[in-house]
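Peer 1: Mind looking over this structure? Questions follow.
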Amino acid sequence: MDVRATGEEPPRSVLARGLSLLDAFGSADTELNLTELAARTGLPKPTAHRLLGELVRWGGVERTESGYRLSMRLFVLGQRAPRPRGLREAALPYLEDLYEATHENIHLAVLDGTDTLFLEKVTGRRSMPIVSRVGGRLPAYCTATGKLFLALGPPGRLEQALSAGLVHYTPHTIVMPGLLQRELARTADRGYALNREESEAGVSAVAAPILDHRRRVIAAISITGNACRLDLDRLAPAVRTAARALSRELARESTGELKMGIPR
């Protein structure tokens, strides 16, 4: 997004400006040129160029023939974040079991602001190619995983999503607040969420929540694939079973740590 188009002030501190350049890369961007980075951050080109040079020397970005791309050093740093790494490691066997049972795209996601952020994805040659990727994000209101965070989380989450605005990604995207609220009420009632071509044409998904020991939604698992092929309601029990088993495992680990006096 072009910061100048939104009317927002560009960051002022050197650190904030450098981080804004890293944050300018979207989930679908493999590389960006200087003009695009300056536009997205609102920074003057000379400033953006100087800071990019610093980031290259640090190892956060790499130069390419036509611009810049994020480096593996950022991935390594991300792996050091304790909760996502532990969650991914615990979830992976369940994701792999779901993949073996369905041969569809299997996601593990968490909420990040008003977006659903994909922490892990298990896919294969028999799975339908889709836009999602590890580290990518999509608005919560138009994804199965994201709907769970909005439906089962505190009311402020939905208010934040509505304030950010609902835009069409496909003709099936729900953009009327009243319709979205009714959809989320149905999601809460049945205990799983559906996405019927709302974020990507031809792609549907079913998702179930992962709960902590206090019964709060901390993540979600989804099965995603061809909208014409997937029977979402038939697949719902499988993804719910996997999510419940993972929730029990995480709850046991969490209560065990609490008994040992390990702070969380």
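Going by the working numbering, 140 is the number at position 142 of the sequence shown; the sequence numbering is gapless.
Ideal Cβ placement from N, Cα and C applies to all residues, glycine included.
Every value quoted in this text rests on a predicted model; they were computed, and no experiment measured them.
#1: How should Asp293 be labelled, buried or exposed, when 16 other C-beta atoms within 10 angstroms of its C-beta is the threshold for buried?
#2: By Cβ distance below 6 angstroms, which residues in the same chain neighbour Val129 in space, the five residues on each side in sequence not counted?
#3: Quick check on DSSP: helix, strand or coil for Thr114?
#4: Which of the three DSSP states is assigned to Tyr139 in this structure?
#5: So, at 6 angstroms on beta carbons, what are the nonlocal neighbours of Ala234 in its own chain, with the 5 sequence-adjacent residues on each side left out?
#6: For Pro42, which of helix, strand or coil comes out of DSSP?
#7: Taking the straight line between their C-alpha atoms, what separation do you get for Glu94 and Phe73?
#8: Confirm, please, whether the CB-CB distance from Met126 to Gly223 is below 8 angstroms.
#9: Hey, quick one: how far does the beta strand (DSSP E) through Ser220 stretch, first residue to last?
#10: Would you say Ala243 and Tyr92 are within 8 angstroms of each other, going by their C-beta atoms?
#11: For the candidate residues Asn193, Leu156 and Arg188, whose alpha-carbon lies nearest to that of Gly176?
#12: Where DSSP assigns a beta bridge to Lys119, which residues make up the other side?
#13: Kindly list the residues whose CB is nearer than 8 angstroms to the CB of His166, restricted to its own chain and excluding five residues on each side of it in sequence; keep chain order.
#14: Return the chain-ordered ranges of every beta strand (DSSP E) run that is complete within the region 11 to 68 and spans a minimum of 3 residues.
#15: Using DSSP's beta-bridge definition, name the partner residues of Ile208.
#16: To the nearest angstrom, how far is it from the Cα of Gly144 to the Cα of Pro137?
#17: What did DSSP end up calling Leu192 once you bin it into helix, strand or coil?
#18: Helix, strand or coil for Ala199, going by three-state DSSP, please let me know.
#19: When you compare only the Cα positions, how much space is there between Glu181 and Thr171?
#20: Nearest-angstrom Cα distance between Leu160 and Thr168?
#21: So, with DSSP's three-state summary, where would you put Val237?
#22: Do you know offhand how far Leu230's Cα is from Glu196's?
#23: How big is the Cα-Cα spacing for Ser245 and Asp210?
#24: What do you get for Asn31, buried or exposed, if any count of 16 or more other CB atoms within 10 angstroms of its CB means buried?
Peer 2: From the atom records:
#1: Residue 293 is absent from the model: the chain starts at -1 and stops at 262.
#2: Your numbering for residue 129 matches position 131 in the sequence shown. Correct list, in chain order: Glu198.
#3: Within the sequence shown, the letter at position 116 stands for residue 114. Note: Thr114 maps to strand in three-state DSSP.
#4: Stepping through the sequence shown from its first residue, residue 139 is reached at position 141. Of the three classes helix, strand and coil, the one that applies to Tyr139 here is helix, per DSSP.
#5: Numbered from 1 along the sequence shown, position 236 holds the residue referred to as residue 234. Taken in chain order, the residues that qualify are Tyr190 and Val204.
#6: Within the sequence shown, the letter at position 44 stands for residue 42. Three-state DSSP puts Pro42 in coil, outside helix and strand.
#7: If you number the sequence shown from 1, residue 94 lands on position 96. If you number the sequence shown from 1, residue 73 lands on position 75. Their backbone Cα atoms lie some 22 angstroms apart in a straight line.
#8: Numbered from its first residue, the sequence shown carries residue 223 at position 225. Numbered from its first residue, the sequence shown carries residue 126 at position 128. Contact: yes.
#9: Walking along the sequence shown from the start, residue 220 turns up at place 222. Run containing Ser220: Val215 to Asn224, per the beta strand (DSSP E) assignment.
#10: In the sequence shown, residue 243 corresponds to position 245, counting from 1. In the sequence shown, residue 92 corresponds to position 94, counting from 1. Going by C-beta atoms, Ala243 is nearer than 8 angstroms to Tyr92.
#11: Counting from 1 along the sequence shown, the entry for residue 176 is found at position 178. When only C-alpha atoms are compared, the closest one is Leu156.
#12: The sequence position of residue 119 within the sequence shown is 121, counting from 1. Paired residues: His105.
#13: Here residue 166 corresponds to residue number 168 of the sequence shown, with the count starting at 1. The residues are Val173.
#14: 59 to 61 and 66 to 68
#15: Mapped onto the sequence shown, residue 208 falls at position 210. Ala217.
#16: To locate residue 144, count along the sequence shown from 1; it is residue 146. To locate residue 137, count along the sequence shown from 1; it is residue 139. Distance between the alpha carbons of Gly144 and Pro137 is about 7 angstroms.
#17: Here residue 192 corresponds to residue number 194 of the sequence shown, with the count starting at 1. If DSSP states are grouped into helix, strand and coil, Leu192 belongs with the strands.
#18: Within the sequence shown, the letter at position 201 stands for residue 199. Here Ala199 sits in coil by DSSP.
#19: Within the sequence shown, numbered from 1, the residue matching residue 181 stands at position 183. Within the sequence shown, numbered from 1, the residue matching residue 171 stands at position 173. So the alpha carbons of these two residues sit roughly 12 angstroms apart.
#20: Numbered from its first residue, the sequence shown carries residue 160 at position 162. Numbered from its first residue, the sequence shown carries residue 168 at position 170. Answer to the nearest angstrom: the Cα atoms are 18 angstroms apart.
#21: Stepping through the sequence shown from its first residue, residue 237 is reached at position 239. Looking at Val237 - three-state DSSP - the assignment turns out to be helix.
#22: In the sequence shown, the residue the question calls residue 230 occupies position 232. In the sequence shown, the residue the question calls residue 196 occupies position 198. Spanning the two alpha carbons is a distance of roughly 14 angstroms.
#23: Working through the sequence shown from its first residue, we reach residue 245 at position 247. Working through the sequence shown from its first residue, we reach residue 210 at position 212. Each residue's alpha carbon lies about 6 angstroms from the other.
#24: Position 33 of the sequence shown, counting from 1, holds the residue named residue 31. By the 16-neighbour rule on beta-carbons within 10 angstroms, Asn31 is exposed.
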